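Q:
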Ligand SMILES: Cc1cc2nc3c(=O)[nH]c(=O)nc-3n(C[C@H](O)[C@H](O)[C@H](O)COP(=O)(O)OP(=O)(O)OC[C@H]3O[C@@H](n4cnc5c(N)ncnc54)[C@H](O)[C@@H]3O)c2cc1C
C-alpha cells in the first residue's frame, strides 16, 4: 500500500529524481517517488542510453560495411547486413537492464515508488492517477520537482502522430526500418548523434540548421573535425537555412536559405531536434518564480516556495543527466538537514558524434570575457601513438589556464573516444590542478591521456612529442 503521507515526495524518476530519492532514503528521510514511465526518465528510456546503444550498433555495422570495401587494415568481410528489429530488441534489452537496476536500487534504499502521473494540488498535496484508474492523494512535508524536459516542436513542423513523418528524438530512436531520406532539423548534439547513426545504418541524411555551423553551442574549432566527418560520410548540410514545413503532398521538406529561394528536400522522415524545454505543465497550481522557461532555484535546489524543491532539466541549462544527478544528491542532503551546495566549477558536456567532442570549463575566449588573462595550448592526436593505432589521428586536446599561476580553467577535445577523457578534465579543474601538476603526472602509454599531459606541457612551452 502506498503511504498517504510522507516526508519527501519526488515527482519524476529520471536521473535527478531517482538519485535524490535514493540519497534521501539513505539518510533516513521517508520518501515516495511518483513516475509515469519506467524509472530512469528520459535518460534511460528515450535519451542518453538508447541513443548511445544505437550509435554503437551503427558503428559496428559501419565498421563491417567499410571493411568490405575500403579497410586500410587489410580486413575483408562478407556482405554486411543488419536486422534492425534485432538491433532494436538488443537496445531495449540494455534499457531494460538499466531501468530494472534503478527500480531495484530504489527498492533497496527503501523508497516507495508509485507508478502514475502526478497532479499537483498544492505545495504539500499531490494526486496520482494510477494505471488501474484510482487516484491516490499523498501529503508531504517536502515536494521535489524533477519532471525533466521535453522536445521542442517547431510551429511549422509539429510532431506527427505515432508512425508519422515528423519525429522527435524519441521516435527517431525507435525506428524499425532505415529511412531512405532522413532530414534532421537541428545540428546540435542530438541531431548530429542520431543523424550520423542513421547515416551509418544506410539512410541518406540531410541536416538543416538556421545557424551557420554545426554544434553551434560549442567552440568553433571543436565543430570543424565533426563537419569534415559529416561531409566524408556523405551527409548533406544546409546551414544558415530554416525548415519551413512539409510540402503539400507531404513528400518533402520545404527549406529556405538566407540567400536563395525556397527549395525542397526529399524526406520520408524528418527528425526535429531543435532543442528541449523544461516540462513545466502542471506547475500552475504553485506560485513559483521562473527563470525564463525554467524553474528558478538556488544552489541547494530550493524554489521560491518553502519546502518545494526542483532539480534537473526542469531548472534549465545545461540539460544533462550528470548535472541532474548531482543536483538531486545535493537537494536530498539539504532536505535531510545537511549543509550542501551545488556549485561545481565545471560541468562536462560530451557529444557522442564521430569524432566525439568534450568541453569542460572555460575556453580561452570565455576566460578573456570573464576578465582573466589566459593561455591555451593544444596537442593534436596526429602525434599520439594510441590515436594512430585506432585510426583516430584527427582532432586534439586543448587546455586553457590562467596566465599568472597556470591554474587549469578549461579543456576542449575532439577525437575518437575522447568522451572517456571527461573525468580527467573535470578532476583537474575541480581539484585546482596547475599545468605543472598535469604535466608532471606519469600518464600510461600508449593512451589518449598522454595528449592531456602533452597539452599541459605544450602550454608550458615544453611539449616532448611535438
Ligand atoms: C536523445 C537524447 C540523448 C541524450 N543524451 C545525453 C547524454 O549523452 N548525456 C547527458 O548527460 N544527457 C543526455 N540527454 C539529456 C538527459 O536525458 C537529460 O538531461 C536528463 O534525463 C534529465 O534528467 P531529469 O531527471 O531532470 O529529467 P528526465 O530524465 O526527463 O526525467 C523526468 C521524469 O519525470 C517524469 N514525469 C514528468 N512529469 C510527471 C508527472 N506529472 N508525474 C509523474 N512523472 C512525471 C517523466 O516521465 C520522466 O521520467 C539526452 C537527451 C535526449 C533526448
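Residue numbers (the working numbering): 33 to 498. Positions of the beta carbon are idealized from the N, C-alpha and C atoms, including for glycine. Please read these numbers as outputs of a predicted model, since none were measured by experiment.
#1: Can you name the start and end residues of the beta strand (DSSP E) that residue 298 belongs to?
#2: Tell me whether residue 67 counts as near ligand 1, meaning its Cβ is closer than 7 Å to at least one heavy atom of that ligand.
#3: In chain order, what are the residue ranges of uninterrupted beta strand (DSSP E) at least 3 long that sit wholly in the segment 154 to 189?
#4: Any chance you could list the alpha helix (DSSP H) runs of at least 4 consecutive residues sitting entirely within the segment 91 to 156, in chain order?
#5: In this structure, how does DSSP classify residue 468 when only helix, strand and coil are distinguished?
#6: Mind listing, in chain order, the continuous alpha helix (DSSP H) runs of no fewer than 4 residues lying wholly within the segment 341 to 416?
#7: State the DSSP-derived secondary structure class of residue 337, mapped to helix, strand or coil.
#8: Which of the three DSSP states is assigned to residue 257 in this structure?
#9: Let me check understanding here. Comparing Cα to Cα, which of 36, 97, 204 lies closest to residue 159?
#10: Return the CA-CA distance between residue 426 and residue 161, expressed in angstroms with no decimal places.
#11: Determine the DSSP secondary structure at residue 43, reduced to helix, strand or coil.
#12: Quick check on this structure: which residue in 389, 300, 259, 153 has the alpha carbon closest to the alpha carbon of residue 449?
#13: State the Cα-Cα distance for the pair residue 498 and residue 478, rounded to the nearest angstrom.
#14: Look at the alpha carbon of residue 113 and the alpha carbon of residue 42, and state the distance between them as a whole number of angstroms.
#15: Can you check which of these residues, 125, 201, 269, 64, is closest to residue 148 by C-alpha distance?
#16: On the premise that residue 138 lies in contact with residue 145, defined as a C-beta separation below 8 Å, what is that separation, rounded to the nearest angstrom?
#17: Just to confirm my understanding: we take residue 86, look at its own chain, exclude 5 residues before and 5 after, and list those with CB closer than 7 Å. What are they?
#18: Name the DSSP bridge partner or partners of residue 444?
#19: Does at least one heavy atom of ligand 1 sit under 7 Å from the Cβ of residue 75?
#20: Less than 8 Å between the C-beta atoms of residue 89 and residue 131, yes or no?
#21: Could you check whether the Cβ of residue 80 sits closer than 7 Å to any heavy atom belonging to ligand 1?
#22: Assign residue 463 to buried or exposed, taking buried as 16 or more other Cβ atoms, counted over all protein chains shown, within 10 Å of its Cβ.
#23: Starting from residue 276, trace the beta strand (DSSP E) both ways and give me its first and last residue.
#24: Assuming contact is defined by CB atoms lying nearer than 8 Å, are residue 313 and residue 329 in contact in what I supplied?
#25: Report the CB separation of residue 202 from residue 78 in whole angstroms; it is logged as a contact under 8 Å.
#26: What's the C-alpha gap between residue 405 and residue 111?
#27: Residue 289 lies in the beta strand (DSSP E); which residues open and close that run?
#28: How is the beta strand (DSSP E) around residue 302 delimited, first residue to last?
#29: Check residue 61 in the structure and name its three-state DSSP category.
A: To lay it out plainly:
#1: Position 266 of the chain shown, counted from the first residue, corresponds to residue 298. In the DSSP assignment, residue 298 falls within the beta strand (DSSP E) that extends over 294 to 298.
#2: Sequence index remark: in the chain shown, residue 67 carries index 35 (1-based). Correct: residue 67 has its Cβ closer than 7 Å to ligand 1.
#3: If we require 3 residues or more, the beta strand (DSSP E) runs fully inside the segment 154 to 189 come out as 157 to 161, 167 to 177, 181 to 183.
#4: Taking only runs of at least 4 residues, the alpha helix (DSSP H) segments lying wholly in the segment 91 to 156 are 116 to 141.
#5: Here residue 468 refers to the residue found at position 436 when the chain shown is read from its first residue. Correct three-state label for residue 468: helix.
#6: Runs of alpha helix (DSSP H) with 4 or more residues, each lying fully within the segment 341 to 416, are found at 353 to 367, 396 to 401, listed in chain order.
#7: Against the chain shown, residue 337 aligns to sequence position 305. Secondary structure of residue 337 (DSSP, three-state): coil.
#8: In the chain shown, counting from the first residue as 1, residue 257 sits at position 225. In the three-state reduction of the DSSP assignment, residue 257 falls in the helix class, which pools H, G and I.
#9: Indexing the chain shown from 1 puts residue 159 at position 127. Comparing alpha carbon positions, the residue from 36, 97, 204 closest to residue 159 is 36.
#10: Mapped onto the chain shown, residue 426 falls at position 394. Mapped onto the chain shown, residue 161 falls at position 129. When rounded, the distance between both Cα atoms is 52 Å.
#11: The residue labelled residue 43 in the question sits at position 11 within the chain shown. It is a strand residue.
#12: As a working note, residue 449 is residue 417 in the chain shown. Comparing Cα-Cα distances from residue 449 to each of 389, 300, 259, 153, the minimum goes to 389.
#13: As a first step, residue 498 is located in the chain shown; it is residue number 466 there, counting from the start. As a first step, residue 478 is located in the chain shown; it is residue number 446 there, counting from the start. Those two C-alpha atoms are separated by around 16 Å.
#14: For the purposes of this step, residue 113 is taken as residue 81 along the chain shown, with counting starting at 1. For the purposes of this step, residue 42 is taken as residue 10 along the chain shown, with counting starting at 1. Distance from the CA atom of residue 113 to the CA atom of residue 42, rounded to whole angstroms, is 45 Å.
#15: Within the chain shown, numbered from 1, the residue matching residue 148 stands at position 116. The shortest C-alpha separation from residue 148 is found at 64.
#16: For this step, residue 145 is matched to residue 113 along the chain shown. For this step, residue 138 is matched to residue 106 along the chain shown. Distance from residue 145 to residue 138 at the Cβ level is roughly 5 Å; contact confirmed, criterion being Cβ atoms closer than 8 Å.
#17: In the chain shown, residue 86 corresponds to position 54, counting from 1. Taken in chain order, the residues that qualify are 123, 205, 229.
#18: Here residue 444 is taken as the residue at index 412 of the chain shown, counted from 1. DSSP lists 391, 430 as partners of residue 444.
#19: Taking the chain shown and counting its residues from 1, the one referred to as residue 75 is at position 43. Yes, the beta carbon of residue 75 sits closer than 7 Å to at least one heavy atom of ligand 1.
#20: By one-based count along the chain shown, residue 89 stands at place 57. By one-based count along the chain shown, residue 131 stands at place 99. Result no, Cβ atoms of residue 89 and residue 131 do not sit closer than 8 Å.
#21: Your numbering for residue 80 matches position 48 in the chain shown. Answer for residue 80: yes, Cβ within range of ligand 1.
#22: Numbered from 1 along the chain shown, position 431 holds the residue referred to as residue 463. So residue 463 ends up on the exposed side.
#23: Counting from one through the chain shown, the residue named residue 276 turns up at place 244. Segment 273 to 278, the beta strand (DSSP E) holding residue 276.
#24: Looking up residue 313 in the chain shown gives position 281. Looking up residue 329 in the chain shown gives position 297. Pairing residue 313 with residue 329 gives a Cβ-Cβ distance that is not under 8 Å.
#25: Counted from its first residue, the chain shown places residue 202 at position 170. Counted from its first residue, the chain shown places residue 78 at position 46. The C-beta separation of residue 202 from residue 78 comes to about 5 Å, placing the pair in contact by the 8 Å criterion.
#26: Looking up residue 405 in the chain shown gives position 373. Looking up residue 111 in the chain shown gives position 79. Residue 405 and residue 111 have their C-alpha atoms some 56 Å from each other.
#27: Counted from its first residue, the chain shown places residue 289 at position 257. Run containing residue 289: 284 to 289, per the beta strand (DSSP E) assignment.
#28: The residue you call residue 302 lines up with position 270 of the chain shown. From DSSP, the beta strand (DSSP E) with residue 302 extends over 301 to 304.
#29: Position 29 of the chain shown, counting from 1, holds the residue named residue 61. DSSP places residue 61 outside both helix and strand once states are collapsed to three, so it counts as coil.
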